[in-house]
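Read the structure below first, then the notes.
Numbering (our numbering), first residue to last: 5 to 310.
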């Protein structure tokens, strides 16, 4: 159910979608991780001390901390801020089942400690231990062009308690996700969780030649969803020295039956029939920026006294 926003590739994804907007197909990728709203996402931080945060978590959880393997949990959202004074929190949803996960009473699992994002900006860090919480109710709001949820969690009743949850991700059990289909083979017009598609090997249907690996799924970029496929960089021309930093490269492949005629989950292979020039629209990943350490401001110079 988990889905994450993207910022650095917004223009590239939409450019690809617009260039291929003539493909007439209606698709839906029910994502297990990523939110196709390609908007800016502010940094998530923890505002309450660890000891105080544990106190507020203890007031909300039903059981003691639990440990699950990574495959057993699927991200459903992340707490990005407190809302109001009565303990509500603002949640960035990573799921297509927003009403079921955040607007109706249900059970979820919340991180005992906020893990934050990876250097690439994804919510891919292991959750560590989690605790069971009960979602009481929620509603949808729009903030800076993206949809978020205002959620009430049982036991979280004031501003301090809700601030203690900032930066923590919410999870559901993989076994609790709705079953989308019985067959293990489908195509680009069928429904899949993005976690099912990620990691699949992409090959040309006609020749079987390996193209790359699906590393992400973008939803809502035009009329159809896009698969982000990692591809090997072009070889360095003969006689030239290889660059010290070789950025990863990728292409965007529309997830429609005309281009993705076969999705074989059992073999973990995705066959494509790309239109001429699609695989030439390769894009390079940006080099991660180092964050500069911020120290105290320099002392102000005293003004001379006449």
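For every residue, glycine included, the Cβ atom is placed at its ideal position computed from N, Cα and C. Because the structure is a prediction, the values reported are computed rather than measured.
So, for residue i: in the same chain, excluding its five sequence neighbours on each side, which residues have a beta-carbon less than 8 Å away from its beta-carbon?
i: residue 178; result: 75, 76, 77 and 78
i: residue 85; result: 93, 94 and 170
i: residue 272; result: 203, 204 and 205
i: residue 87; result: 93, 94, 154 and 166
i: residue 182; result: 101
Does residue i pass the burial test, meaning 16 or more other C-beta atoms within 10 Å, or should it be called exposed?
i: residue 90; result: exposed
i: residue 111; result: exposed
i: residue 106; result: buried
i: residue 99; result: buried
i: residue 149; result: exposed
i: residue 203; result: exposed
i: residue 147; result: exposed
i: residue 187; result: exposed
i: residue 97; result: buried
i: residue 54; result: Per-residue confidence for residue 54 stands at a pLDDT of 47, beneath the threshold of 50, marking its modelled position as unreliable; the derived number appears in the next sentence. That one is exposed.
i: residue 211; result: exposed
Taking Cβ positions, are residue i and residue j nearer each other than 8 Å?
i: residue 156; j: residue 92; result: yes
i: residue 81; j: residue 184; result: no
i: residue 230; j: residue 258; result: yes
i: residue 206; j: residue 189; result: no
i: residue 277; j: residue 209; result: yes
i: residue 172; j: residue 267; result: no
i: residue 153; j: residue 167; result: no
i: residue 140; j: residue 109; result: yes
i: residue 176; j: residue 158; result: no
i: residue 269; j: residue 227; result: no
i: residue 282; j: residue 215; result: no
i: residue 248; j: residue 240; result: no
Got a sec? Which residues, its chain only, sit under 7 Å from residue i by beta carbon, not counting five neighbours each side?
i: residue 132; result: 115, 116, 117 and 119
i: residue 43; result: The predicted model places residue 43 with a pLDDT of 33, which falls under 50 and marks its position as unreliable; any figure quoted below should be read in that light. Excluding sequence neighbours, residue 43 sits near 9, 148, 149 and 150.
i: residue 275; result: 207, 209, 265 and 266
i: residue 142; result: 106, 107, 153, 154, 155 and 156
i: residue 213; result: 207
Excluding the 5 residues flanking residue i on each side, which residues of the same chain have their C-beta closer than 6 Å to its C-beta?
i: residue 161; result: 91
i: residue 253; result: 235, 237, 286 and 288
i: residue 50; result: With a pLDDT of only 36 at residue 50, under the threshold of 50, the placement of this residue in the model should not be trusted, and no figure is reported.
i: residue 47; result: Note that residue 47 scores 33 on pLDDT, short of 50, meaning its location in the model is unreliable; the coordinates nonetheless yield the value given after this. Taken in chain order, the list of residues that qualify is empty.
i: residue 113; result: 134, 136 and 175
i: residue 242; result: none
Does any residue of chain C bring its CB to less than 8 Å from the CB of residue i?
i: residue 230; result: Among the chains in the structure shown there is no chain C, since it carries only a single protein chain.
Which residue spans inside the segment 134 to 177 form an unbroken alpha helix (DSSP H) run of at least 4? 163 to 167
If contact is defined by three or more beta carbon pairs under 8 Å, each pair taking one atom from either stretch, is the segment 186 to 195 in contact with the segment 206 to 222? no
Suppose only complete runs of 3+ residues qualify. What are the beta strand (DSSP E) ranges in the segment 232 to 271, listed by chain order? 253 to 258 and 266 to 268
Within the segment 90 to 125, note down every full alpha helix (DSSP H) run reaching 4 residues or more, in order along the chain. none
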